[in-house]
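Those protein sequences? They're chains A and B, same order as listed. If you read the first sequence in our numbering, its first letter stands for residue 1, the second for the next number, and so on. If you read the second sequence in our numbering, its first letter stands for residue 1001, the second for the next number, and so on. The next block holds one structure in the form of structure tokens; read it before the comments.
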Amino acid sequence: MPKAEEYRNSSITLKEVIITGNEEVSPGVHLISWKREQNFIPGQVVKITIDQSVAPRIYSVCSGNSEAEIRVLFNVKEDGILTPRLSGVIPGMKIWASNPYGSFKDYGNPAWWIATGTGIAPFYSMFRSGISENKTLIHGARYLNQFYFEDELEWALGDKYIRCCSQEQSCNVFPGRVTDYLNEQKSLPTDINYYLCGKALMVVEVRDLLISKGVPYENILAEIYF
Amino acid sequence: MEALFGKTLDELTQVAIELGLPKFTGKQLAEWLYQKDIRLIDEMTNLSKKNRDLLSQHYKFGLVEPTRVQESIDGTKKYLFPTLQNKFIETAMIPDDDRKTVCVSSQVGCKMGCLFCMTAKQGFQGQLSAGEIVNQIRSISERNEVTNIVYMGMGEPFDNLEQVLKSLEILTSEWGFAMSPRRITVSTIGIIPGMLTFLNNSEAHLAVSLHTPFDDERKRLMPVQVAYPIAEVVKEIKSWDFGRQRRVSFEYIVFKGLNDSPKHVTELARLLNGIKCRINLIRFHPIPGTPLEGTDEQTLQLFKDKLNDKGILTTVRASRGQDIYAACGLLSTKELLGKGNSVQFG
Chain A
1 MPKAEEYRNS
11 SITLKEVIIT
21 GNEEVSPGVH
31 LISWKREQNF
41 IPGQVVKITI
51 DQSVAPRIYS
61 VCSGNSEAEI
71 RVLFNVKEDG
81 ILTPRLSGVI
91 PGMKIWASNP
101 YGSFKDYGNP
111 AWWIATGTGI
121 APFYSMFRSG
131 ISENKTLIHG
141 ARYLNQFYFE
151 DELEWALGDK
161 YIRCCSQEQS
171 CNVFPGRVTD
181 YLNEQKSLPT
191 DINYYLCGKA
201 LMVVEVRDLL
211 ISKGVPYENI
221 LAEIYF
Chain B
1001 MEALFGKTLD
1011 ELTQVAIELG
1021 LPKFTGKQLA
1031 EWLYQKDIRL
1041 IDEMTNLSKK
1051 NRDLLSQHYK
1061 FGLVEPTRVQ
1071 ESIDGTKKYL
1081 FPTLQNKFIE
1091 TAMIPDDDRK
1101 TVCVSSQVGC
1111 KMGCLFCMTA
1121 KQGFQGQLSA
1131 GEIVNQIRSI
1141 SERNEVTNIV
1151 YMGMGEPFDN
1161 LEQVLKSLEI
1171 LTSEWGFAMS
1181 PRRITVSTIG
1191 IIPGMLTFLN
1201 NSEAHLAVSL
1211 HTPFDDERKR
1221 LMPVQVAYPI
1231 AEVVKEIKSW
1241 DFGRQRRVSF
1251 EYIVFKGLND
1261 SPKHVTELAR
1271 LLNGIKCRIN
1281 LIRFHPIPGT
1291 PLEGTDEQTL
1301 QLFKDKLNDK
1311 GILTTVRASR
1321 GQDIYAACGL
1331 LSTKELLGKG
1341 NSVQFG
């Protein structure tokens, strides 16, 4: 009989990879990388862990599908088991990672991408993979320094890149949460797709809000941090 | 102060050893905690007064009383329990002839975000300990009459796997509640690694929330489909030997015009082909702001008949406790989350 640790789906089997980079992109938020050895679809996730005694966690890939490296963006949870150790990895160290898997993918239609915090990762992966035409990206964060990759995204997406900050203010940044921004819109397009990524409560509240504004639930696809 | 209630026999034995008590005190503690109807360490009368005092200096018994009980016109009761993190959970007790089934919560809130579920609307506030899970059975007034337990309350059990497995150990061990695992069902939306670990480490029944066999539809209803597609879940189940007595069932809320068509019957039959299982059809209990509607009674019965014709044992689960929001998918303690505890998401 199969055992969980022998979970046979080969795409989710963990293997050793060698870290090539670890950048603290914002206080307590790290972007780690390792060499890409397989193709993937932007929006897919990987499981990673520091060693096999620590339960792996799932993270969205945060790099383009033709780049040489796979990158992953994560918050360090001070009381966590995995992320404090993961934040300390240096190039040359080994961690365990799965191949990318999952089916949170953009189908190419006009869409709004809505994320909070590190939920930007799958959309940044799509953007870096050349998917950005007809997309509007709405990113929510508590503080201004949590708009990861903002220079690049602002340059490329212009007014299709909307930042919502709940705790600090700045020009060109909407003052409030993502839900506040959506609530202020007189109407929302109902014939496009909406992709959501973030914590469960954000996803549920945004989804309810979109539905209340006439967006069919069939047009909403969500990725939740499990 | 740490609770004794919720510890396994091994842990209780360790407690005894660390306090300098005889090793067999662990077994005595387990009997008092899980097999006798007491609520205080001082009532453990086969321990000396000195040892009871020593235990009380370091530990509390650990039972928590419900703070509210509501009763439905159909006899179902909904209990509200405070948790260690100053949050609240709900537990349903469903009487049915000579059975009394307790539906326990495994988390405060839920991360899974299912479109049809009230618990999802409060987000995730925390994990329950094994003691808090078992307390939901031990601290209700029907505690001595419970015949069945289902892990179908608030939360996804396999997202709190360690504590859920520990609670199952306490419920089914000879030193614990000594319940048959055949009277316990754990329900999941299909977190595959957790499900396999559960199948390996417990003999309790498994229930899987299916709700539609089609990938695109399920993604819209249940975000977990993106990470763990139902086809993969079923593939794993097919490869598992459930033996003669262990059951797997699939939960299926029937939505009008969404998942109640002949093509769903055909695809369900294809998907579940080769699994000895049951499908439980569940009437949808509408929640505020939902775009979904329950199917009508005639379509529900027809859907059931068609599945039975395909050789899949299919039943319609009776809705219970709807008037007190205790029915499937309606449990929530969102209104009790204090403003100071509200969740920030950016």
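Every residue gets a Cβ at the ideal spot worked out from N, C-alpha and C, and that includes glycine.
#1: How is the beta strand (DSSP E) around G1026 of chain B delimited, first residue to last?
#2: Helix, strand or coil for R1138 of chain B, going by three-state DSSP, please let me know.
#3: Output needed for F226 of chain A: all residues of its chain with C-beta closer than 7 Å, excluding positions within five of it in sequence on either side, in chain order.
#4: Kindly give me the distance between the Cβ atoms of V1104 of chain B and T1091 of chain B, rounded to whole angstroms, as I take these residues to be in contact under 8 Å.
#5: Need the endpoints of the alpha helix (DSSP H) that V1064 of chain B sits in, please.
#6: Taking the alpha-carbon of A1120 of chain B as reference, which of A:F40, A:V72, A:G214, A:D208 has the nearest alpha-carbon?
#7: Pull up the DSSP beta-bridge partners for D1096 of chain B, would you.
#8: What is the DSSP secondary structure of T1299 of chain B, counted as helix, strand or coil?
#9: For a contact meaning CB atoms closer than 7 Å, what does V1226 of chain B contact in chain A?
#10: Could you tell me whether the Cβ of N61 of chain A comes closer than 8 Å to any Cβ of chain B?
#11: Which two residues bound the contiguous beta strand (DSSP E) that contains L1080 of chain B?
#12: Buried or exposed: where does S112 of chain A fall if 16 or more other Cβ atoms within 10 Å of its Cβ makes it buried?
#13: Report the neighbours of D191 of chain A on chain B: residues whose CB is nearer than 8 Å to its CB, in chain order.
#14: Could you tell me whether any non-hydrogen atom of the ligand GTP is closer than 7 Å to the CB of K1238 of chain B?
#15: For a cutoff of 8 Å on Cβ pairs, would you count P1213 of chain B as touching chain A?
#16: Quick check: the Cα distance between Q146 of chain A and G117 of chain A, rounded to an integer number of angstroms?
#17: Just verifying my parser: in three-state terms, what is the DSSP assignment at S125 of chain A?
#18: Do Y194 of chain A and N219 of chain A have their C-beta atoms within less than 8 Å of each other?
#19: Do you know whose CA, among A:S212, A:D151, A:P42, A:L137, lies nearest Y101 of chain A's CA?
#20: Which residues share a DSSP beta bridge with V215 of chain A?
#21: What three-state label does DSSP hand F174 of chain A in the structure shown?
#22: Since L221 of chain A is in the beta strand (DSSP E), which residue starts that stretch and which ends it?
#23: Between the Cα of D1408 of chain B and those of B:N1148, B:Q1245, B:K1111, spot the shortest distance and give me the residue it belongs to.
#24: How would you list, in chain order, the residues of chain B whose beta-carbon sits under 7 Å from the beta-carbon of Y217 of chain A?
#25: Looking at C-alpha atoms only, which residue of B:F1088, B:R1143, B:P1095 is the closest neighbour of L1128 of chain B?
#26: Can you look up Y107 of chain A in the DSSP assignment and give me helix, strand or coil?
#27: Out of B:N1160, B:W1240, B:S1141, state which residue places its alpha-carbon closest to the alpha-carbon of H1205 of chain B.
#28: For my contact list, K1256 of chain B and E1297 of chain B are in at a C-beta cut-off of 8 Å; report their separation, rounded to the angstrom.
#29: Taking 8 Å as the limit between beta carbons, can you name the residues of its chain near N1308 of chain B, skipping five residues before and five after?
#30: Determine whether the beta carbon atoms of N1280 of chain B and S1249 of chain B lie at a separation below 8 Å.
#31: Taking only three categories from DSSP, how would you classify E1251 of chain B?
#32: Determine the direct distance from the alpha carbon of G1289 of chain B to that of E184 of chain A, and round the result to whole angstroms.
#33: For a contact meaning CB atoms closer than 8 Å, what does L82 of chain A contact in chain B?
#34: For chain B, find out if any of its Cβ atoms is closer than 8 Å to the Cβ of A200 of chain A; answer yes or no.
#35: Short of 7 Å in beta carbon distance, which residues of its chain neighbour R1218 of chain B, apart from the five on each side in sequence? Order them along the chain.
#36: I'd like the list of long-range same chain contacts for M1179 of chain B, defined as Cβ closer than 6 Å, with 5 residues on each side in sequence excluded.
According to the structure shown:
#1: For G1026 of chain B, no beta strand (DSSP E) encloses it; the enclosing alpha helix (DSSP H) starts and ends at 1025-1034.
#2: DSSP places R1138 of chain B in helix when its eight states are reduced to three.
#3: The beta carbon of F226 of chain A lies closer than 7 Å to those of I58 in the same chain, with the five residues before and after it left out.
#4: Distance from V1104 of chain B to T1091 of chain B at the Cβ level is roughly 6 Å; contact confirmed, criterion being Cβ atoms closer than 8 Å.
#5: Neither: V1064 of chain B is in no alpha helix (DSSP H) and is coded neither H nor E.
#6: Of A:F40, A:V72, A:G214, A:D208, the smallest CA-CA separation from A1120 of chain B is found for A:D208.
#7: Answer is B:R1099.
#8: The three-state reading of DSSP puts T1299 of chain B in helix, counting H, G and I together.
#9: Going along chain A in sequence order, the residues near V1226 of chain B (Cβ under 7 Å) are G102, S103, F104, E223.
#10: As written in the sequence, residue 61 of chain A is Val, which differs from the Asn given in the question. Using a Cβ-Cβ cut-off of 8 Å, V61 of chain A does not count as an interface residue toward chain B, since no Cβ of chain B sits closer than that to its own.
#11: Here the beta strand (DSSP E) through L1080 of chain B covers 1077-1082.
#12: The question names Ser, but residue 112 of chain A is Trp in the sequence shown. W112 of chain A comes out buried.
#13: Within chain B, no residue comes near D191 of chain A; the closest Cβ sits about 16 Å away, beyond 8 Å.
#14: Looking for the ligand GTP in the displayed structure turns up nothing, as the structure carries no ligands at all.
#15: The beta carbon of P1213 of chain B does not come within 8 Å of any beta carbon belonging to chain A, so the residue lies off that interface.
#16: Using only the alpha carbons, I get a separation of about 7 Å.
#17: Collapsing the DSSP output to three states places S125 of chain A in a helix.
#18: Yes, the Cβ-Cβ distance between Y194 of chain A and N219 of chain A is below 8 Å.
#19: Considering only alpha carbons, the answer is A:P42.
#20: Within the DSSP secondary-structure output, V215 of chain A pairs in no beta bridge.
#21: Strand, per DSSP.
#22: Secondary structure note for L221 of chain A: its beta strand (DSSP E) is the uninterrupted segment 220-224.
#23: Residue coverage of chain B in this structure runs from 1001 to 1346, which leaves residue 1408 of chain B outside it and unanswerable.
#24: Those are L1115, R1220, P1291, listed as they occur along chain B.
#25: Ranking the options by Cα distance to L1128 of chain B, first place goes to B:F1088.
#26: Coil at Y107 of chain A, not helix or strand.
#27: For H1205 of chain B, the closest of B:N1160, B:W1240, B:S1141 by C-alpha to C-alpha distance is B:W1240.
#28: Not quite, the Cβ-Cβ distance comes to about 11 Å (not below 8 Å), so this is no contact.
#29: T1314.
#30: Yes, Cβ-Cβ distance for N1280 of chain B and S1249 of chain B is below 8 Å.
#31: DSSP places E1251 of chain B in strand when its eight states are reduced to three.
#32: C-alpha separation (whole angstroms): 19 Å.
#33: Within chain B, no residue comes near L82 of chain A; the closest Cβ sits about 15 Å away, beyond 8 Å.
#34: Yes, its Cβ sits closer than 8 Å to a Cβ of chain B.
#35: Residues of the same chain with a CB within less than 7 Å of the CB of R1218 of chain B, apart from the 5 flanking positions on each side, are H1211, T1212, Q1225, I1230 in chain order.
#36: Shown here for M1179 of chain B: same chain residues with a beta carbon closer than 6 Å to its own, the five before and five after excluded, namely L1171, T1172 in chain order.
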